[in-house]
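Take a look at the structure set out below.
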Amino acid sequence: MTEPVCVPAGPVAVLDLFDPAQDVGLILPGPGAAAPDPRGTVLRVGPRRWWLLGPGFADYVPPAGAGAVTPVGGGLARIDLTGADWRARLMELALFDAEAPGFGPGAVAATMIAHADAVVHVVAAEVCMVYVPASLADHCCAHWGHGDVTHNATGQRT
Amino acid sequence: MRAGSGITGRSVGFTFDGRALTGQAGDTLAAALLANGIDLVARSFKYHRPRGIMAAGVEEPSALVTVGEGGRREPNTRATDVFLYDGLVARSQNAWPSLAFDVGAVNGLAARMIPAGFYYKTFFGPPSRWMLYERFIRRAAGLGAPPDRPDPDAYGHRAAFCDLLVVGAGPAGLAAAEAAARVGQRVILIEQDRLPGGSLLRESVTIDGVPGAQWARDAVARIEAAGGRVLLRTTATGFWDHGFVTAVERRVEPGEVPQGAAQVLWKLRCKQVVLATGALERPLVFADNDRPGVMLAGAVRAYVLRHGAAPWQRAVLATSNDEAYRTAFALADAGVAIVAILDTRVAPDGPLVAAARARFAVHTGARVLRAKARGHALSAVEAEWGGGRQVLAADLLAMSGGMTPVLHLHRQAGGELVFDDVRGAFLPGAVRQAHVTVGAAAGEIALAAILPGATIDSALPEAAPAAPGPVWTGTGKAFIDFQNDVTTSDLALAQREGFTSSEHTKRYTTLGMGTDQGKTGAMIALAQIAQERGVAIPEAGLTVFRPPYTPVTMAAFAGPMRGEHTAPLRRLPLHAAHEALGAQWVPAGYWRRPRAYPQQGESTGAASLREARMVRRAVGLVDVSTLAKFEIAGPDALAVVAAVCATPVAKLAVGRGRYTVMLREDGMVMDDGTLWRLADDRWLITSSSGGATRMARHIDYVAQVLLGHARASIVDVTGHWAGIAVAGPNSPALIAGLTGAPAPAHMGFATGRIADVPVRVLAASYSGERAFEVHVAGDAVAPVWQALLNAAREAGGGVYGLDAMDHLRVEKGHVVIGAEADGRTTPADLGMGGMLRKAGGFVGWQALTRPALAEQAGRQELVGVAVEGDAALPEGAMLVAREGDTPQGHVTTAAPRVAAETGWIGLALLREGTRRHGERLVAWSPTRGLAVPVTVGPPLFHDPEGARYRD
């Protein structure tokens, strides 16, 4: 049974690179992937956009003219879905293929979940971290509880 | 007998119209009613004619009942499409005082007075009459009553992706799904029935040595073992673009208490789709063909072979094809006397017909003229053959007027139709999406052809393709659309009166507009229309195959988006803090924001005015976290900012900001806000809360499209930075006290710490007072808020809400997006023409140089209006010279005066308003019955010199 656990996302910075081929002192994961880094974790979330997760990137600055870093973590919440059926839970609210055979540990998807821009990071076979705007975290978590998609006429979980 | 399904269900108790009955689990309500000897199930829609069970699936037009109680009550449920469960409560509908004696049946006597098009010929005249008509129409309309309490159950949504979706788990669908699953494709197989097998459930056939129903269950097991997903009791409701199919899974039956979700709406993204949706049998058309006891032949066979229900004594089979012959054998094997088989064909042949001739009385060139009744039920069949008329005593007439392939999904997917003269039916033609139609839906009914590798044993020979029945030309009520009581006479009348287009015929007669959407009647109607018009059937035209294929409960569409989750609900980072302060919430887009903080016994209006005056007098805090914020950084950041913002930008020094306005490409104001230079190559734009998403798209569009992949990073930091505005004469001291540094000058920017949390301080005002926005990371805002609140209270201030903020900005003449900047105003209209960048080069500049916008003649311009007297100013009121005159403008926002003791002021858009200061007009609101005299003036009522911005 997958239960959502919602926590502040912690330090998250957007790294936009103007020339992704340039060496910027990071191991940059390819599309739809994450890569570990001694300072934290790097997620690919767009064609030329990465997320730098963790306090270790606080002082990171790309070479002049290569790109820009902007903190965004203050507005994000992380919802951890742990359990065998996290894929089903995601697909109750999102129109993306969490059941794709290639969407395993290390995979990243930037998508929409319950109206919210979301970044999904598969951490392990039964652990998935979903980053959503903190302002929508309650709304998302309210949809994920136990068992089925279960809300009655008043919107309460059943 | 149950040779088809192999059901050996346990006994189940249920009620119908309060009568306690028993059936077997696995049976439909219709099967159980038949088995209990109940043949009268419903009353028809218009004439309240007695109706029984005609079909055995979702196509049933007549046997509509209400199932369930309270909030789970589901009207218009097909008795043929609900499976028994313990405690099922079913009631007949559309009958009073009882099903057996229904007063509404008098409508049948007045049938000539209420023909097709009755509504259009009767209910016309001025709109006011509709108030009268509506009362009667609503009382007469509809079948079952909707539930009068909220549905207590949960409904879910679920997405799924697959290489292959197969719709229909009959033999063709099972074969397709198994073949794909075996080669490793991701397969989803959906079937609306509770059991797989489709047509196999109503046949005595063995496949590879096992009964057909068992073979189907084994096939499902093989598909699942190969990784396929099989969803039974799931109906594909729509086939949309790009391989998107929606399907509704019923996890419980109507009225049944679920464990978890009652239904789930599946949203299926499919690379390929196989449609194995089968075919529906057509009725024959003759007088009184709607009597209880007149049934479709295939349905009769299903009740006998699948459900073991054969409550009849004497059966007549009437057919235009081989289909009914199979039913004759099944009935005879169940002990029902076969009175005759009446075949409309002159010389039918083939092995099945030959086998029947050896056992039953088969009459060719025969047709049914009338179904006769004793009471409400069938008692005899009047028919003619060989030049004479005969009356055959019978309690069952099993009829078959041909087969109609189910092509709804094929058509919804954009597929073409090809008419097949032999079958008298449309078959699937060219497709536009990656889908294919197989099996009976494609006109193939031979099991050996559908399962070429299988060993098939059947006691009966294969049937020939089904030919259509003849068009009715006799007298009497011969029904085409059983659910909406549309007769052959109605169709003929529509053609005579010029409603010849099939779409017009449909609406004029209500043909195909019932909950069954004309599944049984569409093709026989088309045949008659074609004959009336003297054209071939394909030329008669088809109506649109609209989703959903079968009725879908509204709750399934809503799914989890109910109650407070109907729309996304965004919460401020300080939601709890505002709640603790007694905030009165107001929806602002997806957000909930504090409108005011009323004290005990205080009205919202009084609270807002108190809060606004507190700001003018001392200091106030308002949560502005929802304001859109964008950071733009990189070598081309200046170019992006200069294109987006219409005001001068290049000379803005680092650490300074300015008010700015953003335009659409047509020159109209899209948004406004502030622009700050944080570093040489880093900027911050703030804009309105409501326009945040639009502005994010716009900036991206400018950078990526208009400037061609600018080397600039554009990040929406709206969520990252919570914002607290500190406004009022005491605000500079408050900021200085908390940061330990002098407060930045008006439109200055500084960084610092409050409560040991890093903050940005932006000296900007929306209130007409010295003010600051404190930006702080959203996950660290709580201590900063508390420190600011404590300091504000010590300085004689407190918190204020959106209404107070509005009062303050009106008094200062600040516009708001949506009210004053309503999408039709240019900067010049709003008095901002002078602040635009003279050199141009911003989005919207070219449009502003065109003659229509370069001159202000005739344009609506921003003005202030002051009420003469103490009356409140009606927001939205028209500005007129006298009541009833042509409007010259309208009041965009109204507010009580804050700086003065009494009176109301407002902002307005008035034609050529800047030239009309001093003019007296009337703010007239006819809908509210208000007319308030006002004086036009400049849109500025407070501190015109701007002295209060300076320390």
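Protein sequences, first through last, are from chains H and E. Taking our numbering, the leading residue of the first sequence gets 7, the next gets one more, and so forth. Taking our numbering, the leading residue of the second sequence gets 997, the next gets one more, and so forth. Each residue gets a CB set at the ideal place from its N, CA and C atoms; glycine is no exception. Just so it is clear, the structure is predicted and the values come from calculations on it, not from any experiment.
Residue i - partner residues in DSSP beta bridges
i: E/Lys1368; result: E/Ala1376
i: H/Leu21; result: H/Trp56 and H/Val75
i: E/Thr1073; result: E/Val1061
i: E/Ser1454; result: E/Val1201
i: E/Ile1337; result: E/Leu1313 and E/Val1358
i: E/Gly1771; result: The question names Gly, but residue 1771 of chain E in the sequence shown is His. Bridge partners of E/His1771: E/Gly1719 and E/Arg1756.
i: E/Ser1396; result: E/Thr1315
Minimum Cβ-Cβ distance from residue i to chain E less than 8 Å
i: H/Thr156; result: In this prediction, H/Thr156 has a pLDDT of 36, which is less than 50 and means its spatial position is unreliable; nothing more can be read from the coordinates.
i: H/Pro69; result: no
i: H/Phe24; result: yes
i: H/Glu9; result: no
i: H/Asp91; result: no
i: H/Ala74; result: yes
i: H/Val128; result: no
i: H/Ala159; result: Confidence at H/Ala159 is low in this model, with a pLDDT of 39, below 50, so the placement of that residue is unreliable and no value is reported for it.
i: H/Pro35; result: no
i: H/Pro14; result: yes
i: H/Ala40; result: no
Classification of residue i by the beta-carbon crowding that lies within 10 angstroms, buried from 16 upward
i: E/Pro1935; result: buried
i: E/Trp1211; result: buried
i: E/Arg1045; result: buried
i: E/Trp1126; result: exposed
i: E/Pro1569; result: buried
i: E/Asp1416; result: exposed
i: E/Ala1708; result: buried
i: E/Ile1681; result: buried
i: E/Thr1821; result: buried
i: E/Val1179; result: exposed
i: E/Asn1317; result: buried
Any C-beta of chain H under 8 Å from that of residue i
i: E/Gly1005; result: no
i: E/Pro1583; result: no
i: E/Arg1229; result: no
i: E/Lys1267; result: no
i: E/Pro1071; result: no
i: E/Arg1246; result: no
i: E/Arg1111; result: For clarity, residue 1111 of chain E is Pro in the given sequence; the question names Arg instead. By this cut-off, E/Pro1111 is not an interface position.
i: E/Val1713; result: yes
Enclosing alpha helix (DSSP H) for residue i [first to last residue]
i: E/His1431; result: Here E/His1431 belongs to no alpha helix (DSSP H); instead the beta strand (DSSP E) covers His1431 to Thr1433.
i: E/Met1691; result: Ala1688 to Tyr1697
i: E/Pro1590; result: Taken as a continuous stretch (DSSP letters only), E/Pro1590 belongs to no alpha helix (DSSP H), being part of the beta strand (DSSP E) at Trp1587 to Ala1592.
i: E/Thr1323; result: Glu1319 to Asp1329
i: E/Asp1799; result: Leu1798 to Lys1808
Endpoints, the beta strand (DSSP E) within which residue i is located
i: E/Gly1885; result: Gly1885 to Pro1892
i: H/Arg84; result: Leu82 to Thr88
i: H/Asp144; result: Taken as a continuous stretch (DSSP letters only), H/Asp144 belongs to no beta strand (DSSP E), being part of the alpha helix (DSSP H) at Ala140 to His149.
i: E/Leu1080; result: Taken as a continuous stretch (DSSP letters only), E/Leu1080 belongs to no beta strand (DSSP E), as it is neither H nor E.
i: E/Tyr1655; result: Gly1653 to Leu1659
i: E/Gln1595; result: No beta strand (DSSP E) holds E/Gln1595; DSSP gives it neither H nor E.
Looking at chain E, which residues of the region 132 to 152 of chain H have a Cβ within less than 7 Å of any of its Cβ atoms? Listed in sequence order: Pro139, Ala140, Ser141, Leu142, Asp144, His145, Ala148 and His149.
For the region 1142 to 1162 of chain E, list every residue whose C-beta sits within 8 Å of some C-beta in chain H, in sequence order. Pro1146, Asp1147, Pro1148, Asp1149, Ala1150, Tyr1151, Gly1152, His1153, Arg1154, Ala1155, Ala1156 and Phe1157
Name, going along the chain, the residues of the region 1544 to 1557 of chain E whose beta-carbon falls closer than 7 Å to a beta-carbon of chain H. Cβ contacts with chain H: Gly1555 and Pro1556.
Contacting positions in the region 96 to 119 of chain H - beta carbon closer than 9 Å to chain E: Taking 9 Å as the Cβ-Cβ cut-off against chain E, the residues of the region 96 to 119 of chain H that qualify are Leu96, Met97, Glu98, Leu99, Ala100, Leu101, Phe102, Asp103, Ala104, Glu105, Ala106 and Pro107.
Can you pull out the residues from the region 1715 to 1732 of chain E whose beta carbon lies closer than 8 Å to at least one beta carbon of chain H? Here the close residues are Gly1715, His1716, Trp1717 and Ala1718.
Scan the region 1604 to 1633 of chain E for residues whose Cβ lies nearer than 7 Å to a Cβ of chain H and list them as they occur along the chain. Glu1627, Ala1629, Gly1630 and Pro1631
Short of 7 Å Cβ to Cβ, which residues in the region 1216 to 1227 of chain E face chain H? none
What residues in the region 78 to 90 of chain H bring their beta carbon closer than 8 Å to a beta carbon of chain E? Val78, Gly79, Gly80, Gly81 and Leu82
Could you name the residues of the region 1737 to 1756 of chain E whose beta carbon sits closer than 9 Å to any beta carbon of chain H, in the order they occur along the chain? none
Residues of the region 1686 to 1710 of chain E with a CB closer than 7 Å to any CB of chain H: list them in chain order, please. Arg1707 and Ser1709
Quick one: which residues of the region 1231 to 1265 of chain E get their C-beta closer than 8 Å to a C-beta of chain H? List them in chain order. Cβ contacts with chain H come from Gly1256, Ala1257, Val1260, Lys1263 and Arg1265.
Mind listing which residues of the region 45 to 61 of chain H have their C-beta closer than 7 Å to chain E's C-betas, in chain order? If the cut-off is 7 Å between Cβ atoms, the region 45 to 61 of chain H has nothing near chain E.
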